[in-house]
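Line by line, the protein sequences are chains A and B. Anchor point for the first sequence: position 52 equals 52 in this note's numbering, and the numbering is continuous, going up by one each time. Anchor point for the second sequence: position 51 equals 51 in this note's numbering, and the numbering is continuous, going up by one each time. Each residue gets a CB set at the ideal place from its N, CA and C atoms; glycine is no exception.
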Amino acid sequence: QKEVEQDPGPLSVPEGAIVSLNCTYSNSAFQYFMWYRQYSRKGPELLMYTYSSGNKEDGRFTAQVDKSSKYISLFIRDSQPSDSATYLCAMRGLTGGGNKLTFGTGTQLKVEL
Amino acid sequence: NAGVMQNPRHLVRRRGQEARLRCSPMKGHSHVYWYRQLPEEGLKFMVYLQKENIIDESGMPKERFSAEFPKEGPSILRIQQVVRGDSAAYFCASSPDTSNQPQHFGDGTRLSIL
């Protein structure tokens with residue numbers, strides 16, 4: 001079993017839709033949770049960075065962490081064609097437990113006109 | 001450009017040759033991480049370095065792979081005697097320190113082995 005599970009998609013939605021992306025994980029030591037966006041042939045771009053459980057909002061993006069369920073989500077409101085990319089969840093433990101990130105395999109999103 | 005800089009962007013090598021991948025971290029960042037991305041797979045951690053020190057190399061193959069981050073100059077990921085299975089995208093990330101700071105990634109080096 002992988003430490004981090006993420007549905008690879010592809011996920012296709014119409015412009016303006018609300019998108020929900022999710023990851024589950026098995027390692028209870030994970031404390032920091034991130035969402036990255038990756039366009040084709042480019043590097044991952046940090047979207048959201050959260051610590052422990054709770055919600056965080058930034059513009060059209062909302063990240064949710066439920067540590068009791070080992071489940072994290074990213075919501076994209078008013079989705080745009082420019083949001084079409086692969087979305088990667090990533091997580092790590094506390095400092096001292098290692099700074100290495102453990103990634104999901106990514107969900108490919110396509111927002112259609 | 002204040003971002004993480006990786007070069008070359010594309011590298012082609014024949015089996016048995018050496019590959020050298022370079023990474024310059026963001027200004028003010030002293031921690032460098034290398035990840036490998038294979039087709040249809042997520043990014044996998046390889047090695048974490050600070051200036052002149054390897055902190056965690058648990059994800060790096062024991063043979064043929066090495067990494068350094070000298071006092072001056074970029075971090076180097078070196079792959080000796082490359083094989084077809086080394087074909088992948090190699091990404092470098094950097095962060096300013098070990099506490100509460102996210103990692104920022106470069107655009108990667110795509111290594112192709114003929």
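Report the CB separation of R64 (chain B) from Q81 (chain B) in whole angstroms; it is logged as a contact under 8 angstroms. Start at 1 with the first residue of the second sequence, and residue 64 (chain B) comes out as number 64. Start at 1 with the first residue of the second sequence, and residue 81 (chain B) comes out as number 81. Contact flag correct, Cβ pair sits at about 6 angstroms.
Which residues, in order along the region 98-111 of chain A, keep a beta-carbon less than 9 angstroms from a beta-carbon of chain B? Taking 9 angstroms as the Cβ-Cβ cut-off, the region 98-111 of chain A approaches chain B at G98, N99, K100, L101, T102, F103, G104, T105 and G106, given in chain order.
Please report the distance separating the alpha-carbon of Y25 (chain A) from that of Y71 (chain A). Position 25 of the first sequence, counting from 1, holds the residue named residue 25 (chain A). Position 71 of the first sequence, counting from 1, holds the residue named residue 71 (chain A). Roughly 7 angstroms separates the two Cα atoms.
Helix, strand or coil, according to DSSP, for S82 (chain A) in the structure here? The count along the first sequence starts at 1 and reaches residue 82 (chain A) at position 82. Helix, per DSSP.
V65 (chain A), enclosing beta strand (DSSP E) - first and last residue: What you label residue 65 (chain A) is simply residue 65 of the first sequence in a count that begins at 1. Unbroken beta strand (DSSP E) run through V65 (chain A): F61 to D66.
Ignore the nearest five residues each way along the sequence and tell me which others in N1 (chain B)'s own chain have a CB closer than 6 angstroms to its CB. In the second sequence, counting from the first residue as 1, residue 1 (chain B) sits at position 1. With a pLDDT of 49 at N1 (chain B), under the threshold of 50, the modelled position of this residue cannot be trusted; read the value that follows with caution. Within the same chain, N1 (chain B) has no close Cβ partners at all.
Strictly below 8 angstroms CB to CB, what residues from chain E border Q50 (chain B)? No chain E is part of this structure, whose protein chains are labelled A and B.
Integer Cβ distance of N88 (chain A) from V19 (chain A), believed to fall under 8 angstroms: As a position in the first sequence, residue 88 (chain A) is number 88, starting the count at 1. As a position in the first sequence, residue 19 (chain A) is number 19, starting the count at 1. Correcting the residue identity first, residue 88 (chain A) is Leu in this sequence and not Asn. Rounded, the Cβ-Cβ distance is 15 angstroms, inconsistent with contact.
DSSP three-state label for R9 (chain B), please. Counting from 1 along the second sequence, the entry for residue 9 (chain B) is found at position 9. In the three-state reduction of the DSSP assignment, R9 (chain B) falls in the coil class.
Could you confirm whether any beta carbon from chain A is found closer than 8 angstroms to the beta carbon of Y90 (chain B)? Here residue 90 (chain B) refers to the residue found at position 90 when the second sequence is read from its first residue. Judged by the 8 angstroms Cβ criterion, Y90 (chain B) is not in contact with chain A.
Hey, how far is the Cα of T105 (chain A) from the Cα of E41 (chain B)? Here residue 105 (chain A) is taken as the residue at index 105 of the first sequence, counted from 1. Here residue 41 (chain B) is taken as the residue at index 41 of the second sequence, counted from 1. CA-CA distance, T105 (chain A) to E41 (chain B), rounds to 5 angstroms.
For A67 (chain B), tell me which candidate among B:V47, B:V83, B:S58 and B:G85 has the shortest Cα-Cα distance. For the purposes of this step, residue 67 (chain B) is identified with residue 67 of the second sequence, where counting begins at 1. Nearest of B:V47, B:V83, B:S58 and B:G85 to A67 (chain B), Cα basis: B:V47.
Buried or exposed (CB count within 10 angstroms, at least 16 for buried), S94 (chain B): Your numbering for residue 94 (chain B) matches position 94 in the second sequence. Result: buried.
Take R84 (chain B) and list the residues in its own chain whose beta-carbon comes closer than 6 angstroms to its own, dropping the five residues that flank it on each side. Along the second sequence, one-based indexing puts residue 84 (chain B) at 84. Answer for R84 (chain B): I113, listed in chain order.
How would you call L113 (chain A), buried or exposed, if buried means at least 16 neighbouring beta carbons within 10 angstroms? What you label residue 113 (chain A) is simply residue 113 of the first sequence in a count that begins at 1. Classification of L113 (chain A): exposed, given that the 10 Å Cβ count is below 16.
Report yes or no: is there a C-beta of chain A within less than 8 angstroms of the C-beta of P61 (chain B)? Locating residue 61 (chain B) in the second sequence gives position 61, counting from the first residue. So no, P61 (chain B) is outside the interface.
How big is the Cα-Cα spacing for F69 (chain B) and R78 (chain B)? For the purposes of this step, residue 69 (chain B) is taken as the residue at position 69 of the second sequence. For the purposes of this step, residue 78 (chain B) is taken as the residue at position 78 of the second sequence. Cα-Cα distance, rounded: 11 angstroms.
Starting from R14 (chain B), trace the beta strand (DSSP E) both ways and give me its first and last residue. Here residue 14 (chain B) refers to the residue found at position 14 of the second sequence. Here R14 (chain B) belongs to no beta strand (DSSP E), and DSSP marks it neither H nor E.
Three-way DSSP call (helix, strand, coil) for G54 (chain A) in this model: Taking the first residue of the first sequence as position 1, residue 54 (chain A) is located at position 54. In the structure shown, G54 (chain A) sits in a strand (DSSP, three-state: E or B).
Does the distance between the C-beta of S30 (chain B) and the nearest non-hydrogen atom of the ligand ATP fall short of 7 angstroms? What this structure holds is no ligand at all, so the ligand ATP is not there to describe.
Is it buried or exposed for D97 (chain B), if we count other Cβ within 10 angstroms and need 16 for buried? Residue 97 (chain B) sits at position 97 when you count from the first residue of the second sequence. That one is exposed.
Can you pull the chain B neighbours of K70 (chain A), defined as C-beta to C-beta under 7 angstroms? One-based indexing of the first sequence puts residue 70 (chain A) at position 70. Neighbourhood of K70 (chain A) in chain B, by CB distance below 7 angstroms: empty, with the nearest CB roughly 17 angstroms away.
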